[in-house]
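What follows is a set of notes on a single structure, which appears directly below.
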Amino acid sequence: MKPLRGIIQTAALPAMASLLNPLPAGVNYNSTEVVFVNQKALATLPYYFERGQMCKLGQKHPPTSTAALESIMYLNKYRLYKAQVWGTVTSSPRVNGELSTLAKASFVAFDSRFFDILGPNPTLEKLFDLPEHNVHEAPNFLPAQNKVFVSNFNHTYEYLVDLSVEPPALQNLTTDPPLESVNGGFIHEGKLVVGTDGYRNSTPPGLYLYDPATNRSEPLLNNYRGLKLSTPDDLVVDQFGQVWFVDAPFSYVAWTYDNPPELAPSIYCFNMTSGALSVVDQSILWPNGIAFSPDNQTLYITSTPLGPDNRTENHAIVAFDVLYPHTLANKRTVYVPDTYFADGLKVSEAGNLYAAAGSGIDVVTPEGDLLGKITAAGEVFNNLVFLPGGQILVTGVQGIWRVRIREQGIVHY
Numbered sequence: 001m002k003p004l005r006g007i008i009q010t011a012a013l014p015a016m017a018s019l020l021n022p023l024p025a026g027v028n029y030n031s032t033e034v035v036f037v038n039q040k041a042l043a044t045l046p047y048y049f050e051r052g053q054m055c056k057l058g059q060k061h062p063p064t065s066t067a068a069l070e071s072i073m074y075l076n077k078y079r080l081y082k083a084q085v086w087g088t089v090t091s092s093p094r095v096n097g098e099l100s101t102l103a104k105a106s107f108v109a110f111d112s113r114f115f116d117i118l119g120p121n122p123t124l125e126k127l128f129d130l131p132e133h134n135v136h137e138a139p140n141f142l143p144a145q146n147k148v149f150v151s152n153f154n155h156t157y158e159y160l161v162d163l164s165v166e167p168p169a170l171q172n173l174t175t176d177p178p179l180e181s182v183n184g185g186f187i188h189e190g191k192l193v194v195g196t197d198g199y200r201n202s203t204p205p206g207l208y209l210y211d212p213a214t215n216r217s218e219p220l221l222n223n224y225r226g227l228k229l230s231t232p233d234d235l236v237v238d239q240f241g242q243v244w245f246v247d248a249p250f251s252y253v254a255w256t257y258d259n260p261p262e263l264a265p266s267i268y269c270f271n272m273t274s275g276a277l278s279v280v281d282q283s284i285l286w287p288n289g290i291a292f293s294p295d296n297q298t299l300y301i302t303s304t305p306l307g308p309d310n311r312t313e314n315h316a317i318v319a320f321d322v323l324y325p326h327t328l329a330n331k332r333t334v335y336v337p338d339t340y341f342a343d344g345l346k347v348s349e350a351g352n353l354y355a356a357a358g359s360g361i362d363v364v365t366p367e368g369d370l371l372g373k374i375t376a377a378g379e380v381f382n383n384l385v386f387l388p389g390g391q392i393l394v395t396g397v398q399g400i401w402r403v404r405i406r407e408q409g410i411v412h413y
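Quick look at the structure:
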């Protein structure tokens, strides 16, 4: 391999320790399914090394151009999404072999606390193979039906995953009237609040309320004082029944909605009782995922930069203190995914963050420590939802997965 142009090779480092720690004593994991990264060894890789990337660094396109969409969503079949740390190539064949071992595992621990989260028998299984980009996002557990709502990019129907049978069954769902490109959702008092892309010029983006008992959907919000929303994406509902949601022009970039953006990317708080809509933050260029801490005192936001398509764009998960009724304060960076960005975000009962970061789910403490990753051999994960009993349903570009671990996630009813 040749060194990168313009970079002078330094003297060879001493032989480094293995990238693989031994698994803890007393556990009976399959060593090909669960691995433990030696972070001290990872801190000094043999030079030279290079991570896979989707396009040339510095190559930029306008965020609404065809090239931007192709490079973000399609180029090389999500090569950057799939490039975890084990996508790094070094000058050491031994280290490269250890990195390839990481790539084959389903559960990659970076911290010994991750084993307490996994429990004795963690599993990852693909429930459904689906056409590429058919599954969208918005997985939500419907407790009365014992089903999971999953959105579909088809524009005519959604999916339901029936958990009352084993293995779970996949059903088509057409709401009345149909919902257009659902991005996010949150179950509240038995009904599902969803955010949608809208479609072309026929249906504007907005918030809708879906009642699983009657199959009826109705609009809640489609404008900010006469200005069209861009793309209400992920959302949460607080203890007062207010909807906190992120809004950025994802649907315009993805060609599903024809109207150019009329508002800056924002975080909003919507009072479903009064109809009042408040802008609570405009500091994040592409806000995407959103989640509350277990006590609803901290709000977490992921950022998905669709502008300049290189990995140097800010893509941190940030946290805010929540000052009710609708003020955010004390913004700080919690975690930066190493696979370009995080999309969907959920929080466990213990307060740990589960971020769908492209080629895996990153499990992170509230302080920002990476505990581990859940991955599926390079498949692309978009979003997730916690189910009862330590189960997680994961949506991705080419299907739906189920994870079973010890840690309990927050399940909304």
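If you number the sequence shown the way UniProt numbering does, the last residue is 413 and the count never jumps.
Even glycine gets a Cβ: it sits at the ideal position worked out from N, Cα and C.
If you draw a straight line from the Cα of P212 to the Cα of K147, it comes to about 10 Å. Here Q297 is exposed, its C-beta having fewer than 16 other C-beta atoms within 10 Å. Classified as exposed, F240 has fewer than 16 neighbouring CB atoms from the shown chains inside 10 Å of its CB. The Cβ atoms of I284 and S348 do not sit closer than 8 Å to each other. Per the C-alpha coordinates, the member of V35, A355, E132 and A377 positioned closest to N21 is V35. Using a 10 angstroms sphere on the CB of N140, the tally of other CB atoms reaches 16 or more, which defines it as buried. Between P287 and the set S217, Q242, S230 and P260, the nearest pair of CA atoms involves S230. Sequence-distant partners of P178 (beyond 5 residues in either direction) whose C-beta falls short of 7 Å from its own C-beta, in its chain, are T156. Assignment of T196 by DSSP, reduced to helix, strand and coil, places it in the strand class.
Within the segment 233-257, the complete alpha helix (DSSP H) segments at least 4 residues long are 250-253, listed from N- to C-terminus. When DSSP reads this structure, H326 sits in no beta bridge, so it has no partner. Counted as a single uninterrupted DSSP element, the beta strand (DSSP E) harbouring E125 occupies residues T123 to D129. When C-alpha distances from D233 are compared across F245, N222, L227 and N223, the shortest belongs to F245.
If you keep only unbroken beta strand (DSSP E) runs of at least 3 residues inside the segment 138-186, you get 140-142, 147-150, 158-162 and 169-173.
Taking the Cβ atoms as the reference, L19 lies roughly 6 Å from V37, within the contact range of under 8 Å.
The segment 185-193 makes no contact with the segment 113-121, as fewer than three CB pairs between them are under 8 Å. Every candidate alpha helix (DSSP H) stretch fails here, since none sits fully inside the segment 284-371 while reaching 4 residues. If you ignore the 5 residues before and after D129, its C-beta comes within less than 7 Å of the C-beta of Q398 and G399, all in its own chain and listed in chain order. Buried is the label assigned to K346, since at least 16 other Cβ atoms lie within 10 Å of its Cβ. Judged by DSSP secondary structure, N383 falls within the beta strand (DSSP E) whose first and last residues are F381 to L387. Beyond the five residues adjoining it in sequence on each side, P219 comes within less than 7 Å, by CB distance, of G206 and Y208 in the same chain, given in chain order.
Note that the segment 98-112 touches the segment 372-387; at least 3 beta-carbon pairs, one per stretch, sit closer than 8 Å. Around the beta carbon of E180, a 10 Å sphere encloses 16 or more other beta carbons of the protein chains shown; the residue is thus reported as buried.
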